[in-house]
Amino acid sequence: MSDMLKSIIAILFGLSLLTACGGGNNEAEQEPETNTETMAEESNEATLSIEGNDQMQFDKKELTVKAGQTVTLTLKHSGTMAKAAMGHNWVLLSPGTDVATFAESAVAAGEENDYVPTEGNAVIAYTKLIGGGETATVEFTAPAAGSYEFICSFPGHWAMMRGTLIVE
Ligand code: ZN
21 MSDMLKSIIA ILFGLSLLTA CGGGNNEAEQ EPETNTETMA EESNEATLSI EGNDQMQFDK
81 KELTVKAGQT VTLTLKHSGT MAKAAMGHNW VLLSPGTDVA TFAESAVAAG EENDYVPTEG
141 NAVIAYTKLI GGGETATVEF TAPAAGSYEF ICSFPGHWAM MRGTLIVE
C-alpha cells in the first residue's frame, strides 16, 4: 500500500513537473506566434532578385511567387559592360505570347523604350534596361496561378536569357 502511495506521489510530482514545463513552453510558444504573424504579413509580399552578367546569362531560370502577392523584383547587372553593348532588362510576358515574335517587336521598340514594346498586352511587368553595375527594380501584382515566361528583351538576348516565373 505504501509502495502504491509512493507511486502516486511520484506520479503527482511528475505531473507537477510537467505542468511547470508546460508553463515554460507557453512562454516559448509566444515567439513562434509572433513570427507567424510576421510571416502572415509578409506572405502578401514577395521579394525577388535576379542577376544578369556579361556572359548574357540570368543567374536564375525559375522564380516562384504566390498569386496576388505584391512582388518587388530587383534586377542586378553583375557585369561591367555598357548598357549599349550588354544591356539587360527583365520582362515578364503574358501567357500565350510568342517569344520570338515579341523579341522582334522589342528590337523595333528600341533602346529609348528599354526594348519594351508598349503596344498590346504581352508585357505584364518589366524593369528598365541597365548596364554593368546597375540595378533596376519593378513592383507588380503576381497574376493568376500558372507559368509565365520572362526574358531579357535586349536584341539577341532572349534565346539565352529566359526563364519561368511560377505563380502558385
Ligand atoms: Zn540582356
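Residue numbers for the sequence shown follow this note's numbering, beginning at 21 and rising by one.
Quick reminder that beta carbons are idealized off the backbone N, C-alpha and C, glycines included.
Note that this is a predicted model, so its numbers are computed, not measured.
Would residue i pass as a contact of residue j if the rule is Cβ separation under 8 Å?
| i | j | result |
| --- | --- | --- |
| Cys172 | Asn73 | no |
| Ile186 | Ser167 | yes |
| Phe174 | Leu149 | yes |
| Gly116 | Ala162 | no |
| Lys80 | Gly153 | no |
| Glu71 | Ser98 | yes |
| Val136 | Ala128 | no |
| Glu188 | Ala164 | no |
Ends of the alpha helix (DSSP H) at residue i?
| i | result |
| --- | --- |
| Lys103 | 103-106 |
| Ala145 | Unbroken run through Ala145 is the beta strand (DSSP E), 143-146; no alpha helix (DSSP H). |
| Thr121 | 119-129 |
Beta-carbon of residue i versus every beta-carbon of chain E: anything under 8 Å?
| i | result |
| --- | --- |
| Ala129 | Of the protein chains in this structure there is only one, and it is not chain E. |
Report the option in the options whose CA atom is closest to the CA atom of residue i.
| i | options | result |
| --- | --- | --- |
| Val91 | Tyr146, Thr155, Pro175, Gly153 | Tyr146 |
| Ala66 | Asn141, Gly183, Lys86, Gly140 | Lys86 |
| Met106 | Leu113, Asp134, Glu124, Lys81 | Asp134 |
| Thr100 | Gly151, Gly183, Glu188 | Gly151 |
| Ala120 | Ser98, Glu188, Ser69, Glu169 | Glu169 |
| Ala104 | Pro137, Glu71, Glu82, Glu132 | Glu132 |
| Leu112 | Ser125, Thr138, Ala142 | Ala142 |
What residue does the beta strand (DSSP E) around residue i start on, and which one ends it?
| i | result |
| --- | --- |
| Thr90 | 90-97 |
| Thr67 | 65-72 |
| Gly183 | 182-187 |
| Glu82 | 82-85 |
| Glu169 | 166-171 |
| Glu1 | Nothing can be reported for residue 1: it is not among the residues displayed for the chain, which extend from 21 to 188. |
| Glu136 | In the sequence as displayed, the identity of residue 136 is Val instead of Glu. Careful: Val136 lies outside any beta strand (DSSP E) and carries neither H nor E. |
| Leu149 | Element bounds for Leu149: n/a, residue is neither H nor E. |
Contact between the region 73-92 and the region 165-182 (3+ Cβ pairs under 8 Å): With the cut-off at 8 Å, the region 73-92 and the region 165-182 touch.
Validate contact between the region 80-100 and the region 157-164 using beta carbons, cut 8 Å, 3 pairs: The answer is yes - the region 157-164 touches the region 80-100, with three or more Cβ pairs under 8 Å.
Environment of the ligand ZN in chain order, Cβ to heavy atom below 7 Å: Spelled out in chain order, the answer is Gly72, Met76, Met106, Gly107, His108, Asn109, Cys172, Phe174, His177, Met181.
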